[in-house]
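**Q**
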Ligand SMILES: [Mg+2]
Ligand SMILES: [Zn+2]
Ligand SMILES: [Zn+2]
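Residue numbers (the UniProt record's numbering), protein chains in the order written: chain A, 1 to 999; chain B, 1 to 75.
As structure tokens, this is what we get:
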């Protein structure tokens, strides 16, 4: 978008208070009537819909700027408030200022020294970029301590703030019943208002003479006080109070009216405001108390016409109507000389309306409501919260050219691709700039119309006019398309789009894919990109965004394409690789190194780029034939077939998750099993190495081919799992039963030792804890030995075992629980102890400590759980569910906060990491200026710089003498430019050499 | 009392001379307030460090052998 389309270019923003004069100056009109439209439906002059406030009806002309609706942004008006009111947004600042300044001379109650100290503190805090509030708060705290103003000596009172907008001065004044209290004290009676428990208080009577002597007040004065004719002044009151041990004061709440506060604030001198962190050049505190209310332009509160022709006004307009009505009533009553009480009521009402106009969700204030009872949405409600202006309209908003639908897998796609349904492809468009070379294509797209794919939805003529392509006009329009036109054509195969799955927790949650247009309604992905997106196909939906300019498309292709994201910056290894069945497939292919005849080998490789088999590994012979091939037929082993996918020259040695050593020599797998540790997502050695040593492109090709080869091989062997695969022979079952029984016996033994009081406690544990620990230990061992027994009886070709060993899915523990014994159920890391008093279920005796009474499940999932076992299992299971639910929400919030804190950090060209205000966070990125993905993932394999230099030199020079000569050579000064010395010092050499910046 | 600066896990902290500091600030083209901060009462910094001083922290690094960081002493 060019700048001439935006109304104004923003040079700078300044936050502060606004002078009421400024409100009046920028106002297009004063608003005096609460009415909006007259009977003919025309806006009333000086009403809330005054045409000078902007236009919303198309066709009308703005009376202020002369523009039409759409180009006129509207203009503010103003209301002259009959009495000053408080701006709620500043209620805390008002409280602070009242507390910190003198009620008489309005100066800040700090000495000159204190004030200058705070000013310099402010300056320091400002430089450090820290919160100024801390300083100003402590300044106010300091000022509040003063009982008397250090400037004029006036006594200061406490200020109480009743939310939202009422302020009181709390003064100690003579109690209204002072005479009665003095009399009671003198007679030795309990003093009313003071002695709360008349029975238990004892007072010595004090005759007037004694009192007179003690206080030095004449007896006649004392009598006048007793009769209530004389009110003792502060000094005399204090003497009586000490003599009689009474308190003659009561608190008086003196309400401060908004006008009083305004007068108070007007007298605060500029330098005192500065001490409080306010810039007096921009903001004066008295402006917090509103005397003029700006009326937002009608464009900010447009009225809508309902179907029945009735006008419905915006909430803000409703609120403004209330304000104007009360304002008028206030003026009328004051002119008519109404009693003070009524005036004050109206004033409070005006305050209420102005308050709710700004914020209708203030605690303690009933929200202003619509006639229907719905609370009005006023200014602050428009901005606040998730759907508010900031989070809902500015930081995030709905966008065009985006699509969302369910995802499903497609192993025939490359991991760089995404299958896009035709319906989506013909809605998302790309702009084609028509020229001589693509003219025919452009015409064909337009001719296909908006419904045929690949078609076009819009064209733009060189004069800027945009035409919609319809089924009717498409043929005709196609003829007219000429170079210089723009055609919004449908997405076609090979276009680049952005693809995303929420929650977008890391960089790889948003990647660029190439489009493959497909039938049906789901997005299709290669299953190897599931890990970075954390996607599965149980109903997950994903979002797609079609890029709209060449720059975005280029950036997406270079930086965001899936293949560029194979290595994760989180742990520096590959996050994309084989998963699940891919791993089972490569395991089957390589573990026992099976043999394949030519047809089979070619079939395995047929979805890859390999179209020629290497030399066969041998010939099948009748004698060694588990393979069933014909005699003399050549064969290829699984490892040979797999090696076809490896780049030439690859050298690797590592241990597979199946446990054997994998050896790759010159791109040939000579030994070992290919499983999760070799090709898996999350750090598969081969993928990681190819990515780092060769290229992302080679790694992408490798992962794609591994996935297809693995699918072919798993289909060749066949792979399925059923309940029978978890069953074991009766003798194994007997062994397991015996192991469990033994354990239970040992538990019983422990319990009887404990009951006999002979159990010795472990260091730092009580006897009870010791018993629990020992029981848990014994039962844990029981499950493990059950697992060991079961494992022993499983065949190596058992599918569950294959999956567990290869790392494809599941673990030996899962298998143990299915075939052997489920084991101890735990809640909060302990055996199950809750339920009834002294027992877990009413099926057990109280204080039964045995294994089965506390959640030990001796059955396997296959044999089935007893009802009691099932119940305990559900208890443990529930805890797990609750844990995950709580953990995800907690970690999500932490993640959000961490991201917000780090999002603005950036590595600069000088290697430092800084935030937006240039504060240094790291002097060198990661202390070594190295990206985690560029580093070898082998921990004890440092980069051998010497060896690399050696290799390069050897390569470079044919004989030793040449090499020696090169190494002994002095570096000759390069002569790129005469100005190179000035480049180094950063100074420009002379006039005319300066390079002009071009913006 | 234990002197934490003697502990092996506490890296070396030294107060930077004014001239050296100017050089450092010049190198990064920053004001001293742009540096990371350290509290004046932090037990790791040398005695006599005043608010406004800059300490140079030299620590062992997992990725490089030694990493140098400068910190501004604050209240
Ligand atoms: Mg899912
Ligand atoms: Zn206008
Ligand atoms: Zn004063």
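Cβ atoms here follow ideal geometry from the backbone N, Cα and C, with glycine treated the same way. All values derive from a computational prediction rather than experimental measurement.
Mark residue 894 of chain A as exposed unless 16 or more other C-beta atoms lie within 10 angstroms of its C-beta, in which case mark it buried.
**A** Taking the first residue of the first chain as position 1, residue 894 of chain A is located at position 894. Answer is exposed; the Cβ neighbour count stays below 16.
**Q** Our contact map puts residue 48 of chain A next to residue 321 of chain A with C-beta atoms below 8 Å; I'd like the distance itself, whole angstroms only.
**A** Counting from 1 along the first chain, the entry for residue 48 of chain A is found at position 48. Counting from 1 along the first chain, the entry for residue 321 of chain A is found at position 321. With a Cβ gap of about 7 Å, residue 48 of chain A and residue 321 of chain A count as contacting.
**Q** Would you say residue 107 of chain A touches ligand 3, meaning its beta carbon is less than 7 Å from a heavy atom?
**A** For this step, residue 107 of chain A is matched to residue 107 along the first chain. Flag set: Cβ of residue 107 of chain A near ligand 3.
**Q** Rounding to the nearest angstrom, what Cα-Cα distance links residue 1057 of chain A and residue 280 of chain A in this structure?
**A** Any answer about residue 1057 of chain A is impossible in this case: the structure gives chain A only from 1 up to 999.
**Q** For residue 108 of chain A and residue 282 of chain A, I'd like the C-alpha separation in whole angstroms.
**A** Locating residue 108 of chain A in the first chain gives position 108, counting from the first residue. Locating residue 282 of chain A in the first chain gives position 282, counting from the first residue. So the two alpha carbons sit approximately 19 Å from each other.
**Q** Flag residue 30 of chain B as yes if its beta-carbon sits less than 8 Å from any beta-carbon of chain A, otherwise no.
**A** Position 30 of the second chain, counting from 1, holds the residue named residue 30 of chain B. Chain A, which has a Cβ nearer than 8 Å to the Cβ of residue 30 of chain B, makes this yes.
**Q** Note down, in chain order, every chain A residue with its Cβ under 9 Å from the Cβ of residue 6 of chain B.
**A** For the purposes of this step, residue 6 of chain B is taken as residue 6 along the second chain, with counting starting at 1. Simply none; closest approach about 24 Å.
**Q** On a CA-only basis, which of A/528, A/542, A/414, A/362 is nearest residue 402 of chain A? Give me that one, please.
**A** Counting from one through the first chain, the residue named residue 402 of chain A turns up at place 402. When only C-alpha atoms are compared, the closest one is A/542.
**Q** From residue 415 of chain A to residue 524 of chain A, what does the alpha carbon distance come to, in whole angstroms?
**A** Within the first chain, numbered from 1, the residue matching residue 415 of chain A stands at position 415. Within the first chain, numbered from 1, the residue matching residue 524 of chain A stands at position 524. Distance between the alpha carbons of residue 415 of chain A and residue 524 of chain A: 10 Å.
**Q** Which residues in the same chain have their Cβ closer than 6 Å to the Cβ of residue 492 of chain A, if we skip the five residues on either side of it in sequence?
**A** Locating residue 492 of chain A in the first chain gives position 492, counting from the first residue. Once the five neighbours on either side are set aside, the close Cβ partners of residue 492 of chain A are 454.
**Q** Give me the chain B residues within the contact set of residue 128 of chain A, using Cβ-Cβ distance strictly less than 9 Å, ordered along the chain.
**A** Working through the first chain from its first residue, we reach residue 128 of chain A at position 128. What residue 128 of chain A touches in chain B: 33, 37, 72, 74.
**Q** Beta carbon of residue 654 of chain A, beta carbon of residue 589 of chain A: below 8 Å?
**A** Position 654 of the first chain holds residue 654 of chain A. Position 589 of the first chain holds residue 589 of chain A. No, the pair does not count as a contact, with Cβ atoms beyond the cut-off.
**Q** Counting only C-beta atoms, is residue 984 of chain A closer than 8 Å to chain B at any point?
**A** Taking the first chain and counting its residues from 1, the one referred to as residue 984 of chain A is at position 984. With a pLDDT of only 48 at residue 984 of chain A, under 50, the local geometry of the prediction cannot be trusted, and the value read off the model is given with reservation. No, residue 984 of chain A lies away from the interface with chain B (no Cβ there is under 8 Å from its Cβ).
**Q** When we look at the beta-carbon of residue 13 of chain B and count the other beta-carbons within 10 Å, is it buried (16 or more) or exposed?
**A** Locating residue 13 of chain B in the second chain gives position 13, where the first residue counts as 1. It is buried - the Cβ of residue 13 of chain B has at least 16 other Cβ atoms within 10 Å.
**Q** Using 8 Å for Cβ pairs, my map puts residue 91 of chain A next to residue 136 of chain A. What's the rounded Cβ distance?
**A** For the purposes of this step, residue 91 of chain A is taken as residue 91 along the first chain, with counting starting at 1. For the purposes of this step, residue 136 of chain A is taken as residue 136 along the first chain, with counting starting at 1. That belief does not hold up - the Cβ atoms of residue 91 of chain A and residue 136 of chain A are roughly 16 Å apart, past 8 Å.
**Q** Please determine whether the Cβ atom of residue 539 of chain A lies at a distance below 7 Å from any heavy atom of ligand 1.
**A** Residue numbering aside, residue 539 of chain A sits at position 539 when the first chain is read from its first letter. Within the cutoff, so yes.
**Q** Counting along the chain, where does the alpha helix (DSSP H) carrying residue 63 of chain A start and finish?
**A** Looking up residue 63 of chain A in the first chain gives position 63. Where residue 63 of chain A is concerned, there is no enclosing alpha helix (DSSP H), given that its DSSP letter is neither H nor E.
**Q** Quickly, what does DSSP pair residue 518 of chain A with across the bridge? List them, please.
**A** Counting from 1 along the first chain, the entry for residue 518 of chain A is found at position 518. Partner(s): A/421.
**Q** Does any heavy atom of ligand 3 sit closer than 7 Å to the C-beta of residue 151 of chain A?
**A** Along the first chain, read from residue 1 onward, the residue named residue 151 of chain A stands at position 151. Yes; taking the cut-off as 7 Å, the Cβ of residue 151 of chain A has a heavy atom of ligand 3 nearer than that.
**Q** Who are the near neighbours of residue 665 of chain A in its chain, counting only those whose CB is closer than 7 Å to its CB and skipping five residues on each side?
**A** Against the first chain, residue 665 of chain A aligns to sequence position 665. Here the set comprises 651.
**Q** Run through chain A and tell me which residues come within less than 9 Å of residue 57 of chain B, C-beta to C-beta.
**A** Taking the first residue of the second chain as position 1, residue 57 of chain B is located at position 57. Chain A residues near residue 57 of chain B: none, gap ~10 Å exceeds 9 Å.
**Q** Which residues of chain B have a Cβ atom closer than 7 Å to the Cβ of residue 928 of chain A, listed in chain order?
**A** Within the first chain, residue 928 of chain A is the residue found at index 928, counting from 1. Per Cβ cutoff of 7 Å: 63, 64.
**Q** So what does DSSP say about residue 393 of chain A, is it helix, strand or coil?
**A** One-based indexing of the first chain puts residue 393 of chain A at position 393. Note: residue 393 of chain A maps to helix in three-state DSSP.
**Q** With a 10 Å radius around its C-beta and 16 neighbouring C-beta atoms as the bar for buried, classify residue 985 of chain A as buried or exposed.
**A** Taking the first chain and counting its residues from 1, the one referred to as residue 985 of chain A is at position 985. Only weak support exists for where residue 985 of chain A lies, its pLDDT of 47 falling under 50; the coordinates are left without a value.
**Q** Quick check on residue 720 of chain A: does DSSP put it in helix, strand or coil?
**A** The residue given as residue 720 of chain A occupies position 720 in the first chain. DSSP places residue 720 of chain A in coil when its eight states are reduced to three.
**Q** Could you say which of A/34, A/899, A/785, A/752 lies nearest to residue 79 of chain A if we only look at CA atoms?
**A** As a position in the first chain, residue 79 of chain A is number 79, starting the count at 1. Closest by alpha carbon: A/34.
**Q** Is residue 169 of chain A near ligand 3, going by C-beta to nearest heavy atom under 7 Å?
**A** Here residue 169 of chain A corresponds to residue number 169 of the first chain, with the count starting at 1. Answer for residue 169 of chain A: no, Cβ out of range of ligand 3.
**Q** I'd like to confirm something about residue 104 of chain A: is its beta-carbon nearer than 7 Å to some heavy atom of ligand 3, or not?
**A** Taking the first chain and counting its residues from 1, the one referred to as residue 104 of chain A is at position 104. Residue 104 of chain A: yes, Cβ under 7 Å from ligand 3.
**Q** Which of the three DSSP states is assigned to residue 948 of chain A in this structure?
**A** Position 948 of the first chain, counted from the first residue, corresponds to residue 948 of chain A. Looking at residue 948 of chain A - three-state DSSP - the assignment turns out to be helix.
**Q** For a test of the three-state rule: what should DSSP assign to residue 174 of chain A, helix, strand or coil?
**A** Along the first chain, one-based indexing puts residue 174 of chain A at 174. DSSP places residue 174 of chain A in strand when its eight states are reduced to three.
**Q** Let me know the secondary structure DSSP gives residue 986 of chain A once reduced to three states.
**A** In the first chain, counting from the first residue as 1, residue 986 of chain A sits at position 986. The predicted position of residue 986 of chain A is uncertain, since its pLDDT is 42 and thus under 50; a value taken from the coordinates is nonetheless stated next. Three-state result, residue 986 of chain A: coil.
**Q** Is it buried or exposed for residue 715 of chain A, if we count other Cβ within 10 angstroms and need 16 for buried?
**A** Taking the first chain and counting its residues from 1, one reaches residue 715 of chain A at position 715. When all chains shown are included, residue 715 of chain A counts as exposed.
**Q** Hey, does residue 68 of chain B have any beta-carbon neighbour from chain D nearer than 8 Å?
**A** Here the protein chains are A and B, and chain D is not one of them.
**Q** Leaving aside the five residues before and after residue 767 of chain A along the sequence, list all residues of the same chain whose C-beta is less than 6 Å from its C-beta, in chain order.
**A** Reading the first chain from its first residue, position 767 is the one you call residue 767 of chain A. Within the same chain, residue 767 of chain A has close Cβ partners 759, 761.
**Q** If we count the other Cβ atoms within 10 Å of its Cβ and call it buried at 16 or more, is residue 961 of chain A buried or exposed?
**A** In the first chain, residue 961 of chain A corresponds to position 961, counting from 1. Label assigned to residue 961 of chain A: exposed.
**Q** Exposed or buried, residue 563 of chain A, counting other C-beta atoms within 10 Å across all chains shown (16 or more means buried)?
**A** Reading the first chain from its first residue, position 563 is the one you call residue 563 of chain A. Flag for residue 563 of chain A reads buried.
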